[in-house]
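Just so you know, the sequence shown maps onto residues 601 to 1059 in my numbering.
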Amino acid sequence: MRSSTSEQVLAKDHLLPHYTKGVAWKASNHTVIDRGEGCYVWDTDGNKYLDGLAGLFCTNMGHGRADFAAAAMKQMEKLAYFPTWGYSNPPAIEAAKLIAEHAPGDLDQVFFVNSGSEAVESALKFARNYHVSQGDTARYKVISREWSYHGTTLGALAVTGVPKFKKDFAPMMWDGARHVMNTHNDEIPAGGTAADLASVQAIEAQILAEGPETVSLVIAEPVQNGRGALVPPDGYWQELRRICDKYGVLLCADEVINAFGRLGHFTGSERFGVVPDMITFAKGVTSAYQPLGGVMIRKPLVEAIWDSKAGFFNHGSTFGGHPVATAVAVANMKAMKEEKVFENVLSNEDYFKNGLNQIMANHSCLGDVRGTGYFYAVEFWKDGPNRVPLSDDEAAALQSGVLSGFVRDAKVMIRPDDRGATMLVLSPPLVADRKVLDDLLSRVDQIVERVGDWLEGNR
Ligand SMILES: Cc1ncc(COP(=O)(O)O)c(C=O)c1O
C-alpha cells in the first residue's frame, strides 16, 4: 500500500467530498487527479487512467483543451462578470443563439443557470409560473419516474426517484412530486402501439388520479441514467407529448446528461423526434470547462408569461448567464461542430455496443447491456443467460466495495451503480475513437472477468 501524499493528507483534513463515504475518503488509496489530456487523466503519483465516464457525463470534448482555456481568459480580461438581471452580455447572447438554433421546434428561449439541479429547479418553477400566469393556479404537481435522478436541491430532489438520496430529507420536500414506472423492460404488446405501453398508461393514469387540473409538469430523461441507461421504446416520447397536450400539462426533457452529443445528437429529444416544452441541460454544454446549466423553453410559453399580469419569470441567480461560462459554451459548441464529434459518436455507437454485447456473450455474470450513443450500462446477474439474479448478499458485497475495487485496479473511471441493480455505467468523452473504445472495452472485460471469478468463489 502506498504512503499518503501531502495532497491526500490535506484533502482528508479540509476537503469535504460529495456523495463519498468517510471510510473511502480516509483510506490511503484515495486518488488525487492532477491533469488530463483527451480521454485520459493522471493522478499526483503519475498513474494514468482512462476516463470512461467523461468526468461525470460531462467532459464531452475530452480533457486539456487549450482553446477553451483561451476563450475563458479572453473573456475574463474583457468582462469577467455582469448579471443578466435586466442586462445581457455578448457571450450569453451568442451561447443562447447557438443553443436556440439547434434546439428542436420552437424551443428558442434559453434561461442560463449554473448546474443541472438548478436547471431542474428552474423548469419546475417555470411550469408553475406559466400555469399561474394563465390563471391555472391549482396546477403544481410534477410527475417523474422511478429511479430517475434529477439533482440534489430540494425541488429537484423531490422529483428524483432514487429512495436512498431522499429518505432523510422527506420532511423538507414539497408534497407535489409523484413517481410512476419507468421504461425498464417495458415492451409494446404484439399487435399494439406505444399507447399500449404500461409505462405510458401509468403516466396518464397518474394524471387522472391526481385530477389533471392539479398537474403542472411531466419530467423525464430521454435515456434515463438511474436503473441503467434506459432507452425508451419507439413512440414513447410521442405518447408523452400527446398525453401532456390532452391534459394541459407541460413536458420537460431532462437532458442534463443526454444533450450536447451524448446520444450523437444535439439533444436527446432530437434523437427521439419529440418537441417537449422545456429541455434542461448542463454538463456537456461547456464540456465541463466551466459550470453552466440552463433550460431551453418554447417561445410561446415565455411570451404568455411576458404578456400576463405578472409579466416576468419570477426566478433568477447571480451567476446565470455568466460571461466566462457562456464564452466557453460558445467555444465548446463551435468545436463540437467543427470537429464533427456527433458524427464520431454515431459512426462508433454500434461498434461500442457490439463490443459490450461480446463481453456479455463471453461472461455469464452479465445479463443485460443497455444504452445508445456513448451512454451504456451493463448489468450483473449470477447467471445472465439463465436469468438467475445475484443473491442479496452478492449484490450487497459487490456494491459495497468489491466492484469499485476491481474498477480501481483496472485504472478506468466508470461508475459502479447500485440504483435498482448492480451495474457498471459507461459514458466516455465523445472524442473517443475506436482505439480508446478498444482500451475501454478491454478494461471492462477485465473487470467483468474478475466479477465472474469472484462469484464462482462465492458459490
Ligand atoms: C438528468 C440529471 N438531471 C439533473 C442532474 C443534476 O445536475 P448537477 O449535478 O449539475 O446539479 C443530473 C446530474 O447528474 C442529471 O443526471
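For every residue, glycine included, the Cβ atom is placed at its ideal position computed from N, Cα and C.
Is E637 near ligand 1, going by C-beta to nearest heavy atom under 7 Å? no
Quick one: Cα of Q709 to Cα of W981, how far? Distance between the alpha carbons of Q709 and W981: 45 Å.
Straight-line gap, G755 to V1025 (C-alpha atoms, nearest Å): 26 Å
Are the Cβ atoms of I857 and K883 separated by less than 8 Å? yes
The alpha helix (DSSP H) with D1009 in it runs from where to where? Per DSSP, D1009 belongs to the alpha helix (DSSP H) from L1003 to D1009.
Can you give me the C-alpha to C-alpha distance between R602 and W625, rounded to a whole angstrom? Any reading at R602 must be qualified, since the residue scores a pLDDT of 49, below 50, and its modelled position is unreliable; no value is offered.
In the DSSP assignment, find the unbroken beta strand (DSSP E) run with C852 in it and report its ends. For C852, the uninterrupted beta strand (DSSP E) run begins and ends at L850 to D854, by DSSP.
Chain-order list of residues whose beta-carbon lies under 6 Å from that of A910 (same chain, five-residue window excluded): Hits under 6 Å: S733.
Beta carbon of Q890, beta carbon of A925: below 8 Å? Yes. Within cutoff.
What residue range is occupied by the uninterrupted beta strand (DSSP E) comprising Q709? Q709 to V713
Since P690 is in the alpha helix (DSSP H), which residue starts that stretch and which ends it? P690 to H702
Closer than 7 Å: E938 CB and nearest ligand 1 heavy atom: no
What's the call for L1055, buried or exposed, on a 16-neighbour Cβ count within 10 Å? buried
In angstroms with no decimal places, state the Cα-to-Cα distance between E943 and E839. Rounded to whole angstroms, E943 to E839 spans 28 Å at the Cα level.
Tell me, which residues are paired with K741 by DSSP? V815
Does the Cβ of N932 have 16 or more other Cβ atoms within 10 Å, making it buried, or fewer, making it exposed? buried
Among the candidates G826, I879 and A927, whose CA atom is the shortest distance from the CA of H702? I879
Any residue with its C-beta under 7 Å from a non-hydrogen atom of ligand 2 counts. Can you list them all in chain order? In the structure shown, ligand 2 is absent; the only ligands present are ligand 1.
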